[in-house]
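Residues in the sequence shown are numbered consecutively from 5, following this note's numbering. Working notes, beginning with the structure itself.
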Amino acid sequence: MKWKKTRELLSLFFALSLITACSANGNNSNQGGSESNTTVTGNCANDYYPVIQGATWTYESTGGPAGKYEFTDTISAVRSDGFTLTSQFDTLTRTQEWGCQENGLTALQLGGLSAATLSSQDMDFTFEVKNVDGVTYPLAMNQGDEWRHDLEFEGKMDIAGSPATATGSSQTIFRVVGTESINVPAGTFQAVKVQTDLNIVFTIQVQGLAVPASFSGSYTYWYVKGVGWVKAEGQGNITGTEFTETIELQKYNIP
5 MKWKKTRELL
15 SLFFALSLIT
25 ACSANGNNSN
35 QGGSESNTTV
45 TGNCANDYYP
55 VIQGATWTYE
65 STGGPAGKYE
75 FTDTISAVRS
85 DGFTLTSQFD
95 TLTRTQEWGC
105 QENGLTALQL
115 GGLSAATLSS
125 QDMDFTFEVK
135 NVDGVTYPLA
145 MNQGDEWRHD
155 LEFEGKMDIA
165 GSPATATGSS
175 QTIFRVVGTE
185 SINVPAGTFQ
195 AVKVQTDLNI
205 VFTIQVQGLA
215 VPASFSGSYT
225 YWYVKGVGWV
235 KAEGQGNITG
245 TEFTETIELQ
255 KYNIP
């Protein structure tokens, strides 16, 4: 029962990681949100992810390992060299630090869990991330462009009172495959279509045992200039358990 609960929570953890691992100019129907007239300057300026304090995006996921759920991302703090993204789920809140670089925006943490703790009913995670390389949102997304984002992580876990440690690495490869019109509850948008392939491998040490595990996912993301990502759809595999997930933007507000 303990490891069944562990699998469920790790499924949620890596689902969150995939969401954060991952806006093309067009005629937007904004019944589900509002765009900003604010001009962002410096390294945090990015066409595909508006870095504006107070901006919010609400998404709904179906079909994934954590079941159906909704979450809201909020840019809760902005600095000259980065920003903080806070995600509110039904029963938990996570934060994730991002860096603003000359070549784009980079996630400095894995699913908001680096140097942070995700607590649930009987399980805690505390992870530190190191050796971050690459970008998550580049300055431009043109047909055929490819880029990657890599990191390593290590940390501690408490599984129903049993201490454990974990080490691992994450590699994400992005590739622009085209542009198309996309319809989601937040509106209809002309979007850049990006293929995203994620692979995470890690080992859990608990009660003298080394338990290897892995997560892989192949998702398509749709990014809209001035809005952010509006949809993600794809397949994943968590240590042999396959799933198909769809995440859609429900509403958004960019001050």
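All C-beta atoms in this analysis are idealised placements derived from N, C-alpha and C, irrespective of residue type, glycine included.
- Straight-line spacing of the CA atoms in S218 and N203 works out to 8 angstroms.
- Taking Q175 as the centre and dropping the five residues before and after it, the same chain places the C-beta of D154, N203 closer than 6 angstroms to its C-beta, in chain order.
- As the crow flies, the alpha-carbon of Q100 is around 31 angstroms from that of G212.
- Under DSSP, the beta-bridge partners assigned to P167 are D162.
- Nearest in C-alpha terms to Y141, of all of Q239, G68, P259, C48, is C48.
- Spanning the alpha carbons of D51 and F178 requires a straight line of approximately 17 angstroms.
- DSSP places K72 in no beta strand (DSSP E); its state is neither H nor E.
- In this structure, the CA atom of G138 is about 22 angstroms from the CA atom of T90.
- In the DSSP assignment, F178 is bridged to W151, T200.
- Between the region 180-193 and the region 102-110, the count of C-beta pairs closer than 8 angstroms stays below three; the two stretches do not touch.
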